[in-house]
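2 protein chains.
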Amino acid sequence: MDKIVRVNMSTLTSSNESVPEAWAGLGGRAMTSTIVAEEVPPTCHPLGVNNKLVFAIGLLSGTSAASSGRLCGGAKSPLTGTIKESNVGGTAARQLARLGIRALIIEGMPPGDAWYNISVTKDGITIQEETALMGAGNFAVADGVRARYGDRVGVMSVGPVGEMRMALANISVRDPEGKLRSMGRGGLGAVMGSKRIKFIVIDDTGTPAAVPLHDPEKFKAAGKRFTKTLQEHPVTGQGLPTYGTAVLVNVINEAGGLPTRNFTQGQFTAHDAISGETIHDTIVARGGKPKHGCHAGCVIQCSQVYNDADGKYLTSGFEYETIWGLGANCCVDVLDDIALADNILDDIGGDSIEAAVMFGVAMEAGVLEFGDGKEMCRMLREEIGKGTPLGRVLGGGAANVGRIYGLTRVPVVKGQGIPAYDPRSIKGIGVTYATSTMGADHTAGYSITTNILNVGGHIDPLKKEGQIELSRNLQIATAAVDSTGMCIFIAFPGLDIPDCLAALVDMINARFGISLTMDDVINLGKYVLKTEHKFNLAAGFSNEHDRLPEFFSLEPLAPHDAIWDFTGEELDTFWNF
Amino acid sequence: MDKIVRVNMSTLTSSNESVPEAWAGLGGRAMTSTIVAEEVPPTCHPLGVNNKLVFAIGLLSGTSAASSGRLCGGAKSPLTGTIKESNVGGTAARQLARLGIRALIIEGMPPGDAWYNISVTKDGITIQEETALMGAGNFAVADGVRARYGDRVGVMSVGPVGEMRMALANISVRDPEGKLRSMGRGGLGAVMGSKRIKFIVIDDTGTPAAVPLHDPEKFKAAGKRFTKTLQEHPVTGQGLPTYGTAVLVNVINEAGGLPTRNFTQGQFTAHDAISGETIHDTIVARGGKPKHGCHAGCVIQCSQVYNDADGKYLTSGFEYETIWGLGANCCVDVLDDIALADNILDDIGGDSIEAAVMFGVAMEAGVLEFGDGKEMCRMLREEIGKGTPLGRVLGGGAANVGRIYGLTRVPVVKGQGIPAYDPRSIKGIGVTYATSTMGADHTAGYSITTNILNVGGHIDPLKKEGQIELSRNLQIATAAVDSTGMCIFIAFPGLDIPDCLAALVDMINARFGISLTMDDVINLGKYVLKTEHKFNLAAGFSNEHDRLPEFFSLEPLAPHDAIWDFTGEELDTFWNF
Chain A
436 MDKIVRVNMS TLTSSNESVP EAWAGLGGRA MTSTIVAEEV PPTCHPLGVN NKLVFAIGLL
496 SGTSAASSGR LCGGAKSPLT GTIKESNVGG TAARQLARLG IRALIIEGMP PGDAWYNISV
556 TKDGITIQEE TALMGAGNFA VADGVRARYG DRVGVMSVGP VGEMRMALAN ISVRDPEGKL
616 RSMGRGGLGA VMGSKRIKFI VIDDTGTPAA VPLHDPEKFK AAGKRFTKTL QEHPVTGQGL
676 PTYGTAVLVN VINEAGGLPT RNFTQGQFTA HDAISGETIH DTIVARGGKP KHGCHAGCVI
736 QCSQVYNDAD GKYLTSGFEY ETIWGLGANC CVDVLDDIAL ADNILDDIGG DSIEAAVMFG
796 VAMEAGVLEF GDGKEMCRML REEIGKGTPL GRVLGGGAAN VGRIYGLTRV PVVKGQGIPA
856 YDPRSIKGIG VTYATSTMGA DHTAGYSITT NILNVGGHID PLKKEGQIEL SRNLQIATAA
916 VDSTGMCIFI AFPGLDIPDC LAALVDMINA RFGISLTMDD VINLGKYVLK TEHKFNLAAG
976 FSNEHDRLPE FFSLEPLAPH DAIWDFTGEE LDTFWNF
Chain B
436 MDKIVRVNMS TLTSSNESVP EAWAGLGGRA MTSTIVAEEV PPTCHPLGVN NKLVFAIGLL
496 SGTSAASSGR LCGGAKSPLT GTIKESNVGG TAARQLARLG IRALIIEGMP PGDAWYNISV
556 TKDGITIQEE TALMGAGNFA VADGVRARYG DRVGVMSVGP VGEMRMALAN ISVRDPEGKL
616 RSMGRGGLGA VMGSKRIKFI VIDDTGTPAA VPLHDPEKFK AAGKRFTKTL QEHPVTGQGL
676 PTYGTAVLVN VINEAGGLPT RNFTQGQFTA HDAISGETIH DTIVARGGKP KHGCHAGCVI
736 QCSQVYNDAD GKYLTSGFEY ETIWGLGANC CVDVLDDIAL ADNILDDIGG DSIEAAVMFG
796 VAMEAGVLEF GDGKEMCRML REEIGKGTPL GRVLGGGAAN VGRIYGLTRV PVVKGQGIPA
856 YDPRSIKGIG VTYATSTMGA DHTAGYSITT NILNVGGHID PLKKEGQIEL SRNLQIATAA
916 VDSTGMCIFI AFPGLDIPDC LAALVDMINA RFGISLTMDD VINLGKYVLK TEHKFNLAAG
976 FSNEHDRLPE FFSLEPLAPH DAIWDFTGEE LDTFWNF
């Protein structure tokens, strides 16, 4: 029987509720954003007693649907002050689904100074004081939890960065092989830290192997069609499995949209040193894994295992965003330095995108030199990881560093660092950065598809025409996909192969015995965006926050001499739906 | 002939303009806010090329009117992101008035890395590269400028804090005796630093001794009546001249509204050690000056010269706000530590209110111990003054420290630290903090008059009734007074003795040969507030920013167990005029 589980950290108690009628059709981001919008006062302090940390599985979590293993987390963000949803692979979504837990809502704040762990099993919730693993990095936590609870358990944890409630903090989730995935953006780890929860362990022992399906045969048939589209599309079937997301390094560099040296250039001369092709060859030469899934049932396998020169594990889930950011944006061209930084970020529990944008700003401030990957790693481990004053500065994220050093070239929207595509030369993604309810977020409406990859048609990235509509349609579709538990990469076949989304809808219908249409799914996406936007307005955001930083309009970007030239009035039309 | 002078730092040129018709009746805050609202894009970066730093004299500056020597500075604030006006005593207002300069507008930003000084004389503006005094504190700058330009000159400068563009940075202005006054709030020193101006020297040699008056006799008669009201009122005639503003320590402590230990208590057990009475006796015993004017022609003389135990100068302009904040709010009960901190803040160029609120938060974060005044002084000099990483954290102000250490008890509104009156037990001032266009600012609408001092009647500080009207009326009146160049303390007789404001209006009429009425003055105040509010809305502020921090509604304050209980709807009625 599906349920909502509440954990009250003020009283250290928990309770189960049946899923309210109004939430029955919601999953993932639709669920987290609905709960946050209904239950969290928009003007509350994000690290205070009135914020709530909500985890929600998707509509297809726990089924055999390909690439359906994403778990959503939501709260009011301490980084942006907006509503926030961030999602992650790993085993947790599937395990919560098997336990029948559609959403886990963590509220309140413990009295005193003690820290806690939360254990989730078929017998219910146990909240225990935690001492042994306090201060530990996420790798040690994952190992320690497995030693204590067994190998099968899922783990969600915060590292020292989350314990210290830095805005950089992510939530780490174990993947099927015991490696770490990150619910990265928006500082959700600081919210978990504010509630003084070091880790959540999920043990689905004693539950059925899969969630119940209303119509198993229909589900199986739709699932096959769906998987076929993922395998047939060149991006999800070939590009991502072969080179991972870092396949984009050369593509975006060629387009002149690879932000370099803190967003002062659109191309990185050393792009080859950090490209997906180079990474692939390096992984193969060192005996790593060029393909790897972040969750069971993933057919895209964009992750990988990257070893060091001695063939020892260095990092996994080594994403384009991280590589771009710690690489090109910081002028670091030594791949192993970037990989080590990624590993340290996994361990201390920091978002690699925010860290990358932050280091670009810190380098401009003269805190360290552009190109000094070794010093970057030292600062991650010794300053941020240990909470020195400098570490606190850096751990506050890019906007924080910019403010503290009095800089004007600070690439953030609503306080969140701008990811790996320059909005001057790829304008559709700029519209997404400006208008997303999440602050700057490429995944919210990934226009790179149509601006650069010619997926879903083509819209010239350097021109304004069509970008707002593109971003709007993608943001609506993404909000819907984020509610299913699906990986956002299904959008590639989704945009090009009509049967992809049709099969997705058929799976949802077969799972629940309902009869959603494509229009219903689009309406769900619109509902999610409007719910989030309403929360943000009530939290004090206005149209004037749906803007890019001033410097994008003042400084043309080579090689296209591109400038950000959308007016506020134009951007505000985004919300006309 | 009165004029507007523009200095363009991008081209290192200046120009004179006659005063536009629309600005002819404006002075002080009305002038700065009008110019900022008309010429600064509300969403620009406060430290960027599009912000402007505007200095404006008041309508009565340069005349013999008592207490008319205040100079206003305005810009978009790097601390709050709002429009900002901050005013200051010293000699600059009078000297600019004698030079016929109604407003000095500094725009643009120099190319390259060089720093500059600006010299203002009857022959015009000279912009020169500055090297010798770079890095120097404000005392050394004032001395160095006098050595270079002569003893008579006025000086406005930034210390290292302003050079480093920290949000804590103020602008220092020389007083008639060569001591320093501060244009303190809102980080205007960082704006001056962003334009790479170390100091502005004003030499009024060769100008008439006073500004021309349209009707000298009428002016003289009105001036006498005006001065009489200042001398007759118990606050401006006795309390302030005898004990300075620190007369309030015991008064506010008795009322249970003296924020103590980072706003966790409303009374400080050691209040006697830092009271106005103790300060007065200490000053007298050590051969200091218990009375001292911040500008020529001041009849209130609330400033003083405070010597150390050896009878050597320690500080002046030692205000209640500073003493409360570095004292009670930080649990420091050693007056000499507080005086030394005040002196260091004058020298490095930091706002003492923001510093005080910031240290309270930093002490709660464990950065230093509550009560450790020696360490506070060391951090001011060695960390903030030298821009170490910790200094950067602290120099970012209270909101910054709260964000970086993940705290929830952070007493700020719109990013600016809340001054010396707890809004839970003195609710009128809470309305001012919440609704002021400036962020938390007690001078914007000083309800302490009527809530505590029974000036202008009495409204129970612990009840909600009448507070919004009180704050509204005071904010309107203050915006008008801030436009005259008058010290805000004229509000005491202004509220109690009808002839005070009548005489003020008569002086303005006699100065310009116009016939303003009292209604015109009130309308000027309303115009100023609405102009500022409109700028803030266009900069992205909304009703939800006109709120106090959540903790004031969650934590009752002893001894009255008072809570902040205004709803957002109630606060929003402030703007109904």
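Sequence order for the protein chains is A and B.
Residues 436 to 1012 (this note's numbering) make up the first sequence, in order.
Residues 436 to 1012 (this note's numbering) make up the second sequence, in order.
Yeah, the Cβ is synthetic: ideal placement off N, Cα and C, and Gly gets one too.
Can you tell which of A:H480, A:E452, A:G493 has its C-alpha closest to the C-alpha of V916 (chain A)?
Position 481 of the first sequence holds residue 916 (chain A). For V916 (chain A), the closest alpha carbon among the candidates A:H480, A:E452, A:G493 is that of A:G493.
As a quick exercise: from B:T713, B:V555, B:M953, pick the residue whose alpha carbon is nearest that of I536 (chain B).
The residue you call residue 536 (chain B) lines up with position 101 of the second sequence. Ranking B:T713, B:V555, B:M953 by Cα distance to I536 (chain B) puts B:V555 first.
Quick one: give me the first and last residue of the beta strand (DSSP E) that Q739 (chain B) is part of.
The residue given as residue 739 (chain B) occupies position 304 in the second sequence. 738-742 is the extent of the beta strand (DSSP E) around Q739 (chain B).
From which residue to which residue does the alpha helix (DSSP H) around V940 (chain A) run?
Taking the first sequence and counting its residues from 1, one reaches residue 940 (chain A) at position 505. Where V940 (chain A) is concerned, the enclosing alpha helix (DSSP H) stretches over 933-947.
Measure the C-alpha to C-alpha separation of V848 (chain A) and Y868 (chain A) and round it to an integer number of angstroms.
Here residue 848 (chain A) is taken as the residue at index 413 of the first sequence, counted from 1. Here residue 868 (chain A) is taken as the residue at index 433 of the first sequence, counted from 1. Approximately 7 Å between the Cα atoms of the pair.
What does the alpha-carbon distance come out to for the pair E967 (chain A) and D1007 (chain A)?
Your numbering for residue 967 (chain A) matches position 532 in the first sequence. Your numbering for residue 1007 (chain A) matches position 572 in the first sequence. Rounded to whole angstroms, the separation of the alpha carbons of D1007 (chain A) and E967 (chain A) is 16 Å.
Sheet register partners of Q851 (chain B) (DSSP bridge):
Within the second sequence, the letter at position 416 stands for residue 851 (chain B). Q851 (chain B) is bridged to B:V848.
Going along chain B in order, which residues have a C-beta closer than 7 Å to the C-beta of A625 (chain A)?
Working through the first sequence from its first residue, we reach residue 625 (chain A) at position 190. G841, listed in chain order.
Any idea if N889 (chain A) is buried or exposed, counting beta-carbon neighbours within 10 angstroms, 16 or more meaning buried?
The sequence position of residue 889 (chain A) within the first sequence is 454, counting from 1. Around the beta carbon of N889 (chain A), a 10 Å sphere encloses fewer than 16 other beta carbons of the protein chains shown; the residue is thus reported as exposed.
Interfacial residues, the region 585-607 of chain B to chain A, with Cβ spacing under 8 Å:
Identification of residues in the region 585-607 of chain B having a C-beta nearer than 8 Å to some C-beta of chain A yields M599, R600, M601, A602, given in sequence order.
Throw me the rounded Cβ distance for the A790 (chain B) and L534 (chain B) pair, which I believe falls under 8 Å.
Looking up residue 790 (chain B) in the second sequence gives position 355. Looking up residue 534 (chain B) in the second sequence gives position 99. The pair is not a contact, with the Cβ atoms about 33 Å apart (cut-off 8 Å).
From T695 (chain A) to D857 (chain A), what distance separates their C-alpha atoms?
What you label residue 695 (chain A) is simply residue 260 of the first sequence in a count that begins at 1. What you label residue 857 (chain A) is simply residue 422 of the first sequence in a count that begins at 1. Distance from the CA of T695 (chain A) to the CA of D857 (chain A), rounded to the nearest whole angstrom, comes to 9 Å.
Own chain partners of V608 (chain B) with C-beta closer than 6 Å, once the 5 adjacent residues on each side are dropped
Taking the first residue of the second sequence as position 1, residue 608 (chain B) is located at position 173. Here V608 (chain B) has V523, G525, A527, M591, R616 as same chain residues with Cβ atoms under 6 Å from its own Cβ, once five neighbours each way along the sequence are excluded.
Against chain B, does E985 (chain A) count as a neighbour if the rule is that its beta carbon must be under 9 Å from one of theirs?
Here residue 985 (chain A) refers to the residue found at position 550 of the first sequence. At least one chain B Cβ lies under 9 Å of E985 (chain A).
Among residues of its own chain, excluding the 5 on either side of G497 (chain B), which ones have a beta-carbon nearer than 7 Å to its beta-carbon?
Residue numbering aside, residue 497 (chain B) sits at position 62 when the second sequence is read from its first letter. The residues are R529, A532, R533, A645, V646.
Please list the terminal residues of the continuous beta strand (DSSP E) segment that includes V646 (chain B).
Sequence index remark: in the second sequence, residue 646 (chain B) carries index 211 (1-based). Per DSSP, V646 (chain B) is not a residue of any beta strand (DSSP E), being assigned neither H nor E.
Exposed or buried, what is H730 (chain A) when buried is set at 16 or more other beta-carbons lying within 10 Å of its beta-carbon?
Here the question's residue 730 (chain A) lines up with position 295 in the first sequence. So H730 (chain A) counts as buried.
Should R505 (chain B) be flagged as near chain A, meaning a C-beta pair shorter than 9 Å?
Here residue 505 (chain B) refers to the residue found at position 70 when the second sequence is read from its first residue. No Cβ of chain A is located within less than 9 Å of the beta carbon of R505 (chain B).
Report the residue ranges of all beta strand (DSSP E) runs contained in full by the region 514-544 of chain B; include only those spanning at least 3 residues, in chain order.
Entirely contained in the region 514-544 of chain B, the beta strand (DSSP E) runs reaching 3 residues are, in chain order, 518-523, 536-542.
4-residue-minimum alpha helix (DSSP H) runs that sit fully inside the region 547-626 of chain A, ordered along the chain:
Positions of the alpha helix (DSSP H) runs, each at least 4 residues long and wholly inside the region 547-626 of chain A, are given as 573-584, 595-598 in order along the chain.
Proximity below 9 Å, CB of A937 (chain A) to CB of A926 (chain A):
Residue mapping note: residue 937 (chain A) aligns to position 502 of the first sequence, counting from 1. Residue mapping note: residue 926 (chain A) aligns to position 491 of the first sequence, counting from 1. No, these two residues do not count as a Cβ contact at 9 Å.
Segments of 4+ residues assigned as alpha helix (DSSP H) that fall wholly inside the region 781-830 of chain A:
If we require 4 residues or more, the alpha helix (DSSP H) runs fully inside the region 781-830 of chain A come out as 787-799, 808-813, 824-830.
Just to check, is the beta-carbon of H706 (chain A) closer than 8 Å to a non-hydrogen atom of the ligand MN?
This structure lacks the ligand MN, and indeed carries no ligand of any kind.
Grab the span of the beta strand (DSSP E) containing F490 (chain A) for me, first residue to last.
On the first sequence, residue 490 (chain A) is found 55 positions in, with the first residue counted as 1. Per DSSP, F490 (chain A) is one residue of the beta strand (DSSP E) stretching across 488-492.
Classify G837 (chain B) as buried or exposed, calling it buried when 16 or more other Cβ atoms lie within 10 Å of its own Cβ.
Within the second sequence, the letter at position 402 stands for residue 837 (chain B). That one is buried.
Taking the C-alpha atoms as reference points, what is the distance between R464 (chain A) and S918 (chain A)?
The residue given as residue 464 (chain A) occupies position 29 in the first sequence. The residue given as residue 918 (chain A) occupies position 483 in the first sequence. If you take the alpha carbons of R464 (chain A) and S918 (chain A), they lie about 5 Å apart.
If you reduce the DSSP assignment to three classes, tell me which class S860 (chain B) lands in.
One-based indexing of the second sequence puts residue 860 (chain B) at position 425. Collapsing the DSSP output to three states places S860 (chain B) in coil.
Cβ-based contacts, 7 Å cut-off: residues of the region 457-481 of chain A near chain B:
Cβ proximity to chain B below 7 Å picks out T478, C479, H480 from the region 457-481 of chain A.
Proximity to E1005 (chain A) [Cα-Cα], best of A:A510, A:I632, A:E904:
If you number the first sequence from 1, residue 1005 (chain A) lands on position 570. Residue A:E904 holds the alpha-carbon nearest to the alpha-carbon of E1005 (chain A) among A:A510, A:I632, A:E904.
A510 (chain B): first and last residue of the uninterrupted beta strand (DSSP E) it sits in
Taking the second sequence and counting its residues from 1, one reaches residue 510 (chain B) at position 75. Where A510 (chain B) is concerned, the enclosing beta strand (DSSP E) stretches over 506-511.
Going by beta carbon distance, what residues of the same chain come within less than 8 Å of I894 (chain B), once the five residues before and after it are set aside?
Indexing the second sequence from 1 puts residue 894 (chain B) at position 459. So the list reads G863, S882, T885, N886, E900, G901, Q902, L905, once near-sequence residues are dropped.
Is F1009 (chain B) close to chain A? Criterion is C-beta to C-beta, closer than 9 Å.
Taking the second sequence and counting its residues from 1, one reaches residue 1009 (chain B) at position 574. Among the CB atoms of chain A, none fall inside 9 Å of the CB of F1009 (chain B).
Note down, in chain order, all residues in the region 756-784 of chain A with a beta-carbon under 8 Å from any beta-carbon belonging to chain B.
Residues passing the 8 Å Cβ filter: none.
Neighbourhood of T878 (chain B) by C-beta distance below 8 Å, restricted to the same chain and skipping five residues each side
For the purposes of this step, residue 878 (chain B) is identified with residue 443 of the second sequence, where counting begins at 1. Result list for T878 (chain B): T913, I923, in chain order.
Residues of its chain near Q666 (chain B), where Cβ-Cβ distance is below 8 Å and the 5 sequence neighbours each way are ignored
Here residue 666 (chain B) refers to the residue found at position 231 when the second sequence is read from its first residue. Sequence-distant partners of Q666 (chain B) (beyond 5 residues in either direction) whose C-beta falls short of 8 Å from its own C-beta, in its chain, are G672, V734.
Rounded straight-line distance, which links the Cα of A500 (chain A) to that of T662 (chain A):
The residue you call residue 662 (chain A) lines up with position 227 of the first sequence. The residue you call residue 500 (chain A) lines up with position 65 of the first sequence. Cα to Cα, T662 (chain A) sits roughly 8 Å from A500 (chain A).
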